[in-house]
Amino acid sequence: MDQIDKRDVIRILEEIAVLLELKGESPFKVIAYSNAARRLETLEEDLEELVRREGLTSIKGIGDALSKKITELVTTGHLDYYDKLRASIPPGHLEMLRIPGLGPKKIRALHEKLAVETLGELEYACTENRLVELPGFGARTQQKILTGIGHLKRYKERHLYSEALIVAEELLASLRGAPGVLSASLAGSLRRGNETVKDIDLLAAAGKPEALSHWFAGLPDVESVTGRGDTKVSVILRSGINADLRIVSPQEYPFALHHFTGSKEHNVAMRSRAKQLGIKMNEYGLFRDDVLIPCASEQEVFSALGLAWVPPELRENTGEIEAAATGVMPSLLEMKDIRGIFHIHTTASDGSSSLEAIVAAAKKLGMEYIGIADHSEAAFYAGGLTPEAIRRQHETIDEMNRKDPRFHIFKGIEADILPDGRLDYDDATLESFDFVIAAVHSHFGMSGEEMTARIMKALGNRHTTILAHPTGSLLLAREPYALDLERIIDFAASRGKVIELNANPHRLDLDWRHCKYARRQGARIAINPDAHHAEGLADIRYGVNIARKGWLEAQDVINCMGLGEMKAFLAKDRG
Ligand code: DGT
Ligand code: CA
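Each residue of the sequence shown is one higher than the last, beginning at 32 in the numbering used here.
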């Protein structure tokens, strides 16, 4: 039996509602499933317990039929009805739901009128202008759908850093223990810490490449081998991620490590610097007059070109070679510099861990303080807090702070930025927090001009401390909303407001490409896990990684302040 919890049941009920809509079933049936999902969300009793004592039908809106289905799900881990329903819908229709502006109704119309079943067919129909005259569509919608398909295709070719890293670290550990391996490392975009990666690049130095290539191809994680020579093996892993292992001699290893770490742009710039020095550079070595310049490490490769070693995260040809030529690299942020964590949700809104569990997890990570930030009232879908609930939470926090003076909990809120730029709650309520994180959670479709004005107004509010996930993008799922980010960063810097680098591996927003700009303008950054459970606090490592890619140092990041300094910082007026 598969383990299934309340979250899974809710997700499946919601999905059934969507599937029924795609099928064109009666709206009453659809609503029954989405209502049941919502009821379970606010259920206080343990779901398994409720099923055991056959009490599901006591919940409003859950009748015999629904009760039977939920019971089947909870007790067996499966639901026959759901499996059959899913199988009856073309998989392409489910994919299309990820295109902004395409809901179940429109997808059904495309199916009925144009017999569209796959993404490819939809794209083709758009290029043939079939949607222009279709009722409910039109030229603008057609263009929007085409753009959406383009994004979807791009998303499919890549993986989240966090997901690839787990797989890659295991592979690397077994590679290091494999027979004949002298050194091994990650390479490519994964070693550079990019937020998404196309594949896993591995490099090994080994005496007998054929033997190692054979060993790698036979790993249990390998689903199929797509290419195999003595120096390179390409495979598809069971996780669906492609992996390349390159095998070189120990003498070639430092050069190959540099080459296969990339980026391509960094390599091009390095080769051109080498050329100016009369040196030829490729993956096998550095050569002067066709004679190898021996290097025992990557450090020595850089040093042969008159450069300080460049951390892999910075190798994007955005000024790292110029910086390395001065001999001094920035002293990039490290996990050990982090002393406190903000933007944490608890069971008071949509989090699943108690305050106590979160404090315990934060202490385990070596933190001196945390900042709680549940959702505000306007975020009703996420259990936003009423002013009364806030008062209760503050009393609890005061009590916990009194009991343990060596650890501090700051009282905060993730306040919705309303469409007109006002913050959720009145001034008196906002005044009661130690910090306020302002966040856009609705009306994503505004023009760039409107969105920028909306966010600037919220940032200008004297209660605002931090701007949450500044572009709203979800990696491989949702593009940023339109906005003038540089103007927002400039404004934040001028008012002493902090910009969030959301460390959730699905967001990593602020993008590293903007971190350097923020730093130059003097805007400070908060690396926030946006944790919805205690284990989520550890996501801060992904934020630290992106901060490093963005050239940030400890002084740029407010999480590096000690408790005393943080208290003074939050007490400051930002009017
Ligand atoms: P990805 O896979 O799209 O996430 O990004 P990378 O950087 O891992 O790209 P990938 O896997 O195609 O190649 C790994 C590294 O190998 C790349 O960062 C630099 C090096 N490399 C690959 N092809 C070329 C090339 O044509 N020229 C140069 N200079 N380097 C290359
Ligand atoms: Ca790669």
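Idealized CB from N, CA, C, for every residue including glycine.
Everything numeric in this text was worked out from a predicted model, so none of it was measured.
Do residue j and residue i count as a contact pair if the criterion is CB distance below 7 Å?
i: leucine 87; j: isoleucine 101; result: yes
i: arginine 84; j: glutamate 344; result: no
i: alanine 199; j: arginine 207; result: no
i: isoleucine 558; j: aspartate 587; result: no
i: serine 380; j: glycine 414; result: yes
i: histidine 439; j: leucine 221; result: no
i: proline 131; j: glycine 179; result: yes
i: leucine 162; j: phenylalanine 168; result: yes
i: isoleucine 448; j: phenylalanine 464; result: no
i: glutamate 314; j: alanine 287; result: yes
i: arginine 277; j: leucine 234; result: yes
i: leucine 506; j: leucine 498; result: no
i: isoleucine 389; j: isoleucine 375; result: yes
i: leucine 44; j: alanine 68; result: yes
Applying the 10 Å Cβ sphere with the 16-neighbour rule, what's the burial state of residue i?
i: glutamine 307; result: exposed
i: threonine 417; result: exposed
i: lysine 91; result: exposed
i: threonine 357; result: exposed
i: glutamate 531; result: buried
i: aspartate 455; result: buried
i: arginine 422; result: exposed
i: alanine 170; result: exposed
i: arginine 538; result: buried
i: arginine 42; result: exposed
i: tyrosine 412; result: exposed
i: asparagine 535; result: buried
i: threonine 292; result: buried
i: histidine 245; result: exposed
i: valine 264; result: buried
i: phenylalanine 247; result: buried
In whole angstroms, give me the CA-to-CA distance for residue i and residue j.
i: aspartate 515; j: aspartate 521; result: 10 Å
i: leucine 386; j: arginine 370; result: 18 Å
i: aspartate 451; j: histidine 290; result: 50 Å
i: alanine 156; j: asparagine 225; result: 35 Å
i: glutamate 46; j: arginine 485; result: 33 Å
i: glutamate 399; j: valine 471; result: 29 Å
i: leucine 364; j: valine 575; result: 7 Å
i: cysteine 326; j: arginine 319; result: 13 Å
i: alanine 562; j: arginine 259; result: 42 Å
i: alanine 146; j: tyrosine 113; result: 24 Å
i: glutamate 584; j: arginine 346; result: 17 Å
i: methionine 32; j: glutamate 103; result: Interpretation of methionine 32 is limited by its pLDDT of 45, a score under 50 that renders its predicted location unreliable; the figure taken from the coordinates is listed afterwards. Looking at the two C-alpha atoms, the distance is approximately 11 Å.
i: aspartate 540; j: isoleucine 468; result: 14 Å
i: phenylalanine 600; j: glycine 397; result: 21 Å
i: arginine 70; j: valine 40; result: 12 Å
i: serine 384; j: glutamate 331; result: 48 Å
i: leucine 116; j: glycine 181; result: 28 Å
i: histidine 142; j: glutamate 480; result: 36 Å
i: alanine 554; j: alanine 524; result: 4 Å
i: methionine 597; j: glutamate 430; result: 20 Å
i: isoleucine 571; j: aspartate 542; result: 15 Å
i: valine 529; j: alanine 549; result: 10 Å
i: leucine 74; j: asparagine 66; result: 12 Å
i: serine 98; j: lysine 60; result: 14 Å
Please state the DSSP three-state secondary structure of residue i.
i: lysine 144; result: helix
i: aspartate 39; result: helix
i: methionine 32; result: For methionine 32, the predicted structure reports a pLDDT of 45, less than 50, and the residue's modelled location is therefore unreliable. The matter cannot be settled from this model.
i: arginine 269; result: coil
i: serine 216; result: strand
i: asparagine 432; result: helix
i: histidine 439; result: strand
i: leucine 233; result: strand
i: methionine 477; result: coil
i: glycine 94; result: coil
i: valine 467; result: strand
i: glycine 567; result: helix
i: serine 255; result: strand
i: glutamate 365; result: coil
i: glutamate 329; result: helix
i: leucine 594; result: helix
i: aspartate 261; result: coil
i: glutamate 510; result: coil
i: threonine 247; result: Note that residue 247 is phenylalanine in the sequence shown, not threonine. In this structure, phenylalanine 247 counts as helix in the three-state DSSP scheme.
i: leucine 71; result: helix
i: glutamate 584; result: strand
TODO: Specify which residues have a beta carbon nearer than 6 Å to any heavy atom of ligand 2, listing them in chain order.
DONE: Gly219, Ser220, Val228, Lys229, Asp230 and Asp232
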